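At position 103 of the sequence shown the residue is numbered 230 (my numbering), and the sequence of numbers has no breaks.
Cβ atoms here follow ideal geometry from the backbone N, Cα and C, with glycine treated the same way.
None of the values given here were measured: they were computed from a predicted structure.
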Amino acid sequence: GLEILAFPCNQFAGQEPGSNEQIQETVCTIFKAEFPVFDKVYQYVDVNGKNTAPLYKFLKAEKGGFLGDGIKWNFTKFLVNKQGKVVERYSPTTSPLKIEKDITNLLESS
Numbered sequence: 128g129l130e131i132l133a134f135p136c137n138q139f140a141g142q143e144p145g146s147n148e149q150i151q152e153t154v155c156t157i158f159k160a161e162f163p164v165f166d167k168v169y170q171y172v173d174v175n176g177k178n179t180a181p182l183y184k185f186l187k188a189e190k191g192g193f194l195g196d197g198i199k200w201n202f203t204k205f206l207v208n209k210q211g212k213v214v215e216r217y218s219p220t221t222s223p224l225k226i227e228k229d230i231t232n233l234l235e236s237s
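This is the structure:
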C-alpha cells in the first residue's frame, strides 16, 4: 500500500511557526490532507544543516537534488519503495498529481 508522511519544518523563512493543532488544521482544511502529519515534539524536524534529522540525511544521500543535496524549500517530496530505497525526489513545485503515475507504477511493480 501507500503511506504518506509529512514532517513540519520551520527552516524556510519561518513559514511553519504554528502549534501542532494549527498545523493539523491548516493541512487538513486548506490542503485537504488525509495522511498523518507528524507533531513537533520539542522542535521542528531540520531537513538541512548540522541538526538534520537522520531520516533526511538518508533521503538526501540516496537522491540528491537538481542543484545539490540540500532541500531548497517546503514540500520537497521523496518516493520510497517497500524496501526503503529512494526511488525518486520531486521539487517543491511538483504537484502531487504529477507524481501519480510514478506512484501507480511503483505500487503495481511491488
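- If you check the CB distance, N208 and L182 do not come in under 8 Å.
- Under the three-state reduction of DSSP, E130 is assigned to coil, being neither helix nor strand.
- V154 carries a helical assignment under DSSP once its states are collapsed to helix, strand and coil.
- With a cutoff of 8 Å on beta-carbon distance, N175 and G195 are scored as not near each other.
- Under the rule that a run must span 4 or more residues, the alpha helix (DSSP H) segments found entirely inside the stretch 178-213 read 181-189.
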